[in-house]
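Chains as they are written, first to last, in the working numbering: chain Z, 1 to 314; chain F, 1001 to 1314.
Beta carbons are placed, not taken as given, at the ideal position from N, Cα and C, and that holds for glycine.
Computed from a predicted model, the values in this text were never measured in an experiment.
Number of protein chains: 2
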Amino acid sequence: MYRETIKVLDCTIRDGGLINNHHFTDEFVRAVYKALSLAGIDYMEMGYRSSRQVAPPADYGAWKYCDDEKIREIIDGIESDVKLSIMVDAHRVIEQEFAPVDQSPIDMIRVATYVKDIDKAISLVDKCHDLGYETTVNVMAISAENEHDLIEALDQLAKTPTGTVYVVDSYGYFFSEQIEYIVKLYQDHLPGKRIGMHCHNNQQLAFANTIEGIRHDSNLVDGSLYGIGRGAGNCCLELLIGFLKNPKFCIEPILKVIQDYMIPMSKDLEWGYMIPYAVTGFMNQHPRSAIAMRKTDGKDKYLEFYSQILDLLD
Amino acid sequence: MYRETIKVLDCTIRDGGLINNHHFTDEFVRAVYKALSLAGIDYMEMGYRSSRQVAPPADYGAWKYCDDEKIREIIDGIESDVKLSIMVDAHRVIEQEFAPVDQSPIDMIRVATYVKDIDKAISLVDKCHDLGYETTVNVMAISAENEHDLIEALDQLAKTPTGTVYVVDSYGYFFSEQIEYIVKLYQDHLPGKRIGMHCHNNQQLAFANTIEGIRHDSNLVDGSLYGIGRGAGNCCLELLIGFLKNPKFCIEPILKVIQDYMIPMSKDLEWGYMIPYAVTGFMNQHPRSAIAMRKTDGKDKYLEFYSQILDLLD
C-alpha cells in the first residue's frame, strides 16, 4: 500500500509504559528514537504529560510526565526528522503546563478522552492549538459507547481546530466490518479532518484493523515495536512497515531495535495475545480484569475467568 | 457472524503435528477430540495418511499415518458429532490405502496439492470420492503461483466431484484485499463449490483473513487450538468461536483444553508470531528458512536473517 499521505506514529514508549509505570531507561528510549529516525517513522510518542499531583513521582518513571527538559536530553545529538508527541488524558488535566511550541521539543499533543469528557478534551485542544501544537483527539473505548453520544461528540470535534480524530479500539473488540463502518461514520461527521487508527490486539486484529482503516482513507496510524502495549498490546510497527510501500520507510533499524531491546524485554514484561485478553476482547470489555488475573497464580485459569466475566455481565 | 452454512474444522493435530513429527500422545488427541465434540466443532483433522515408504515410522508418530484402527482407539467411548478428516499430499501418494467410507472412522479426505500437481490431486479425489468420502482440495502456496496457472487448476477442479476447494495462504502473505480478490476468483471459476479458508499467522492476519473469507461466503474454515501449527501457526480456533454466533458452538471446552494442554505444550514446542515468520510472510516466501534459523543459536538475529532473505531473492 502506497499513499504519500499515510503517516505512522510509534507509541512504544507511551503505550508500553503502561506495563512498567513508565520506567523505561534513557538508553532504551534513545535507542528507539534513533531506530525510528533511521526508519523514517513520522512520529514518536514519548509518554504522558501527567499531573504530579495525580500521579506522584514516587510511583512512576520519567515518561509519565515527559518534561521538555527530559525529552531534550534523550534526543540530543541524534539527527532526526521524527516529530515528537505526548499524550494527555482530558479527564486528568490539573496543573500540567505546556510551553509554546517553539520553546518545546514536542510537536504534537494527543488528547485522550472518553465521549463523556469531550468538552474537557476540546478545552485542552484549544489551549494546545493556541500554543502552536498539532493536536489529535483520541476518542477511547468507542466500541462500548452508544452511537448517538459518539456522533454528538464527533459533531463537536468537527468545529474544533484539531487536525486528527482517532478511532481507538481500546477493548480490541472490532473486526473489519465494524472498522469500515466507524471510519465512514467519522468521515461523515468530521469533514476535512484526518482520521487516525489506534488498535489493540486482543483478537489478533490490531494490524488487520489498521490496514482496514488505511483502506478507508485513515492517514495517521499507530504501531509499536513488537506490538508492546498494555494487555494484548498494539499493532506491530514492523508489520506496518512491511506493508507500507512508501520508499521513505526502512525496516532494518526496526528489526535491529527489536532484536536488541524488545526480545530481552519480553522476558521481563508481559504483553501480547493471551486468552484472557481474547475473552475481554470478544466480550467487548475493558481489559482490566484480564490484566489483574494475569498477575495472580491463577493466570492460566481461563475457564474460571470466562465464567467470572459472564457473571459480571449478569 | 451467524450463517448456518459456516462449518469449522480444527487442524490442531494435523498442522500442529508438523512441529513435533506427529508425536502427540493418545491422551492429548483424545482430550482434543472430547473438547471439540463438546464445543460443537464440525470437523477434526487427525493428521496425514502418509506412505511408510516415504515417511519411515522410525521418524514419525502415529498421526503421520492415521491408520483407521488408531483413530478408532482414540475416539472409542466418546459421544460426538464431530466428523473426522485426514490430509494426503497429492505429490506423495505411493502405497497408501483407504477403506471404503462405511468401514472407516474417517469422513473426509483433504487433498493438499500444489498447482503443478493438480492432476495427481484430481486422481486422488476421484478415488476417494468413489470410496464414498467427502473430499476437499487444498491448493497450497497460491500467493506464489501465477494467476494463469492457478485459474487453469481451478477450472480443472470445477469438473471434479470434490465439494470444497481451499484458499491456502501457506506463506501468510495475503491481506484482506487480496483474500477478497482470491475468494471471488475461486467463486468465478468453481461454480457451486464450497470455498474453504486455511490461513497462516505470519503477519498476525490468520484470523482476520479467515473472517474476510467468511464475509465473502467461504463456508469451511480452519482453526487450531491457540493457533498451533508450523511456524507462525494458524487461525486461533478460540477466536473463531468467539466470533461465530451460531449457538451450537460452545467456547468453554475450548478454553479448558487450551489451559490444560496447550499452555503447558507451548513451553516445549514453539509456534506463533515471531519476527522471522513476519519477514518470510511479507516477503511472500516459504517459511522454511525461518523455521531453520529458529533452531540455531542465532534465532533472534533478525537483521541478519532479513539480509539473507534479500540475498536469496537476488
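Unbroken alpha helix (DSSP H) run spanning residue i, endpoints
i                       : result
residue 189 of chain Z  : 176 to 189
residue 1195 of chain F : Residue 1195 of chain F -> not in any alpha helix (DSSP H); beta strand (DSSP E) instead, spanning 1194 to 1199.
residue 1277 of chain F : 1275 to 1282
residue 302 of chain Z  : 302 to 313
residue 1289 of chain F : 1288 to 1293
residue 153 of chain Z  : 147 to 158
residue 1143 of chain F : No alpha helix (DSSP H) holds residue 1143 of chain F; DSSP gives it neither H nor E.
residue 264 of chain Z  : 263 to 266
Interface flag, residue i vs chain F, CB-CB below 8 Å
i                      : result
residue 11 of chain Z  : no
residue 263 of chain Z : yes
residue 35 of chain Z  : no
residue 85 of chain Z  : no
residue 259 of chain Z : yes
residue 174 of chain Z : no
residue 306 of chain Z : yes
residue 301 of chain Z : yes
residue 256 of chain Z : yes
residue 179 of chain Z : no
residue 157 of chain Z : no
residue 147 of chain Z : no
residue 239 of chain Z : yes
residue 275 of chain Z : yes
residue 211 of chain Z : yes
residue 31 of chain Z  : no
residue 282 of chain Z : yes
residue 153 of chain Z : no
residue 62 of chain Z  : no
residue 278 of chain Z : yes
Segment limits, beta strand (DSSP E) that includes residue i
i                       : result
residue 1047 of chain F : 1043 to 1048
residue 1135 of chain F : 1134 to 1139
residue 32 of chain Z   : Taken as a continuous stretch (DSSP letters only), residue 32 of chain Z belongs to no beta strand (DSSP E), being part of the alpha helix (DSSP H) at 26 to 39.
residue 1007 of chain F : 1007 to 1010
residue 169 of chain Z  : 164 to 169
Residue i and residue j closer than 8 Å at C-beta
i                       : j                       : result
residue 1302 of chain F : residue 259 of chain Z  : yes
residue 124 of chain Z  : residue 101 of chain Z  : no
residue 74 of chain Z   : residue 26 of chain Z   : yes
residue 1139 of chain F : residue 1158 of chain F : no
residue 194 of chain Z  : residue 164 of chain Z  : yes
residue 106 of chain Z  : residue 86 of chain Z   : yes
residue 1211 of chain F : residue 175 of chain Z  : yes
residue 1222 of chain F : residue 1209 of chain F : no
residue 172 of chain Z  : residue 200 of chain Z  : yes
residue 213 of chain Z  : residue 271 of chain Z  : no
residue 204 of chain Z  : residue 1282 of chain F : no
residue 1007 of chain F : residue 1043 of chain F : yes
residue 232 of chain Z  : residue 274 of chain Z  : yes
residue 289 of chain Z  : residue 280 of chain Z  : yes
residue 1136 of chain F : residue 1167 of chain F : no
residue 300 of chain Z  : residue 1263 of chain F : yes
residue 41 of chain Z   : residue 82 of chain Z   : yes
residue 1061 of chain F : residue 1024 of chain F : yes
Cβ-based burial, residue i [other Cβ within 10 Å; buried from 16]
i                       : result
residue 181 of chain Z  : exposed
residue 1047 of chain F : buried
residue 1116 of chain F : exposed
residue 1067 of chain F : exposed
residue 1103 of chain F : exposed
residue 1287 of chain F : buried
residue 293 of chain Z  : buried
residue 1002 of chain F : exposed
residue 202 of chain Z  : buried
residue 88 of chain Z   : buried
Contact with chain Z by residue i, beta-carbon distance below 8 Å
i                       : result
residue 1236 of chain F : yes
residue 1215 of chain F : yes
residue 1232 of chain F : no
residue 1041 of chain F : no
residue 1203 of chain F : yes
residue 1290 of chain F : no
residue 1242 of chain F : yes
residue 1207 of chain F : yes
residue 1144 of chain F : no
CB contact check: residue i to chain B, cutoff 8 Å
i                       : result
residue 1252 of chain F : No chain B appears in this structure, whose protein chains are Z and F.
What ranges does the alpha helix (DSSP H) occupy inside the segment 39 to 121 of chain Z, keeping only unbroken runs of at least 4 residues that lie completely in it?
Fully enclosed alpha helix (DSSP H) runs of no fewer than 4 residues occupy 68 to 75 of the segment 39 to 121 of chain Z, in order along the chain.
Beta strand (DSSP E) segments (min. 3 residues) lying fully within the segment 1199 to 1259 of chain F
List check, beta strand (DSSP E) in window: 1220 to 1223.
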